[in-house]
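Residue numbers (the working numbering): 4 to 437.
Cβ coordinates follow ideal geometry from the N, Cα and C atoms, glycine included.
These figures come from a predicted structure and were not determined experimentally.
Worksheet for the structure shown next.
Put into structure tokens, the structure is as follows:
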């Protein structure tokens with residue numbers, strides 16, 4: 004049978020199952036199983052069993068539950084409120100004033116949580132009431148939070164980078180290092196936009212508050228020391244080559260428990276809830292990865308990835324044209340699927356094309372995550388939008404409009420990554436030389 008007809012049938016089947024509300028992991032397994040049964044003579048049951056088992060004990064996955072648990076512990080701590088008090092005195096003089104605290108707080112919390120949704124909920128819980136009380140423009144408050152919280156996907160330790168590393172079989176430690184400069188680039192883009200916007204909309208920014216004496220500002224900054232110390236321990240140990248991603252994750256969990264204990268928020272209830280939350284999330288992600296691994300193997304038996312790569316290759320697209328087409332594809336998928344699902348659904352088909360085009364897989368992982376970040380703030384399935392809608396009682400359209408400028412900034416960041424790939428590859432290259 005024509006490979007294009009086979010792939011079309013399987014894609015339609017997948018979309019129908021997803022539309023019916025079937026779990027993503029089960030959808031992947033069903034499509035993979037039927038693909039082997041209908042279009043291959045291989046033993047589908049045996050392949051499913053061995054693939055899922057092989058995927059479930061992958062050493063690379065051991066970092067996943069630890070980083071998720073670290074984020075769950077910190078989510079229940081006083082870390083976000085300490086960050087607000089520490090950052091506010093220094094960022095208030097900038098054009099846009101305390102709106103920058105949203106961005107900086109999201110960047111810092113992303114560096115210890117690894118989750119965009121957790122970053123949105125945790126930082127929003129602190130900054131929305133504070134900025135609203137100070138009469139900051141509601142659309143600006145929501146927009147900066149929605150856009151900046153996407154940094155949880157990119158700035159290490161990122162859960163989605165772990166998922167990509169497992170799916171693409173590349174070094175998770177190098178992916179973490181590669182995400183640092185693009186993450187800082189996005190922070191600067193967001194803060195630059197806020198400064199320019201505030202300069203043209205001075206009437207929507209409240210008057211400056213009394214300037215805090217220098218030593219009081221220094222004293223307030225003490226609240227930043229714990230989180231910066233944790234970031235240095237986790238990411239610094241990886242960059243220095245003294246710890247793998249899994250070992251750094253264990254250090255992060257211990258550090259998060261100590262910080263939570265010192266802040267007085269660690270008790271049996273919070274500990275139990277953090278373990279339960281991390282277990283639920285880990286099980287969900289691991290099951291999806293197992294389904295994706297099986298689908299990838301099944302696609303290999305049907306020959307779809309090879310034929311699709313040949314079909315795309317027949318168009319003789321340049322790297323730029325291929326990346327442009329993939330960007331549009333991922334943006335459209337992001338309107339209906341979450342980031343992890345996009346990675347696992349496309350890995351088996353996209354990776355052969357990417358490798359055939361000679362694109363560095365470490366760079367592609369960062370590019371992919373930046374594009375997928377857009378899915379967090381695009382309706383109708385933008386997770387950040389739903390979280391902010393529930394926190395602010397605003398309608399989804401209002402929240403989506405507030406986040407739209409940051410969607411455009413993410414598009415600009417994607418273009419910059421394509422034009423200047425060294426933004427993502429420079430630090431990993433230094434790590435390799437070392």
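Verify whether the separation of the beta carbon atoms of residue i and residue j is less than 9 Å.
i, j, result
"residue 347", "residue 388", "no"
"residue 153", "residue 377", "yes"
"residue 118", "residue 165", "no"
"residue 69", "residue 261", "no"
"residue 116", "residue 409", "no"
"residue 92", "residue 224", "yes"
"residue 296", "residue 147", "no"
"residue 343", "residue 158", "no"
"residue 279", "residue 80", "no"
"residue 418", "residue 375", "no"
"residue 301", "residue 36", "yes"
"residue 229", "residue 82", "yes"
"residue 381", "residue 67", "no"
"residue 74", "residue 369", "no"
"residue 160", "residue 114", "yes"
"residue 106", "residue 190", "yes"
"residue 359", "residue 145", "no"
"residue 102", "residue 197", "yes"
"residue 169", "residue 97", "no"
"residue 390", "residue 141", "no"
Label residue i either buried or exposed according to how many other C-beta atoms from any shown protein chain fall within 10 Å of its C-beta, with 16 as the threshold for buried.
i, result
"residue 318", "exposed"
"residue 135", "exposed"
"residue 109", "buried"
"residue 156", "buried"
"residue 122", "buried"
"residue 245", "exposed"
"residue 195", "exposed"
"residue 251", "buried"
"residue 415", "exposed"
"residue 441", "Residue numbering for the chain in the displayed model covers 4 to 437; residue 441 lies beyond these limits and cannot be assessed."
"residue 277", "buried"
"residue 400", "exposed"
"residue 203", "exposed"
"residue 272", "exposed"
"residue 385", "buried"
In whole angstroms, what separates the C-alpha of residue i from that of residue j?
i, j, result
"residue 263", "residue 320", "52 Å"
"residue 176", "residue 247", "7 Å"
"residue 50", "residue 270", "45 Å"
"residue 424", "residue 58", "31 Å"
"residue 14", "residue 240", "42 Å"
"residue 40", "residue 33", "10 Å"
"residue 427", "residue 112", "21 Å"
"residue 38", "residue 18", "15 Å"
"residue 236", "residue 254", "7 Å"
"residue 326", "residue 333", "10 Å"
"residue 231", "residue 356", "39 Å"
"residue 21", "residue 329", "21 Å"
"residue 422", "residue 361", "16 Å"
"residue 323", "residue 138", "45 Å"
"residue 52", "residue 299", "14 Å"
"residue 173", "residue 44", "31 Å"
"residue 25", "residue 238", "37 Å"
"residue 274", "residue 331", "42 Å"
"residue 218", "residue 84", "20 Å"
"residue 3", "residue 420", "Missing from the structure shown is residue 3; the chain here goes from 4 to 437 and no further."
"residue 445", "residue 42", "This structure cannot speak to residue 445, because the chain is shown only from 4 to 437."
"residue 206", "residue 267", "41 Å"
"residue 281", "residue 294", "20 Å"
"residue 243", "residue 8", "50 Å"
"residue 354", "residue 201", "42 Å"
"residue 234", "residue 16", "43 Å"
"residue 131", "residue 46", "55 Å"
"residue 338", "residue 220", "42 Å"
"residue 171", "residue 178", "11 Å"
"residue 398", "residue 404", "10 Å"
Just checking my contact of residue i with residue j at CB under 8 Å: how many whole Å lie between their CB atoms?
i, j, result
"residue 185", "residue 373", "6 Å"
"residue 226", "residue 89", "4 Å"
"residue 87", "residue 133", "6 Å"
"residue 208", "residue 100", "6 Å"
"residue 371", "residue 78", "In fact, because the Cβ distance is near 26 Å, the residues do not count as touching under 8 Å."
Return yes when at least one heavy atom of the ligand ATP lies under 8 Å from the C-beta of residue i, else no.
i, result
"residue 78", "Judged by which ligands are present, the structure shown has none, so any question about the ligand ATP falls away."
Contact between the region 117–135 and the region 391–401: three or more CB pairs below 8 Å? yes
I'd like to know if the region 357–373 and the region 420–432 are in contact, where contact means that at least 3 CB-CB pairs between them fall below 8 Å. yes
Are the region 200–217 and the region 26–41 touching, with three or more C-beta to C-beta distances below 8 Å? no
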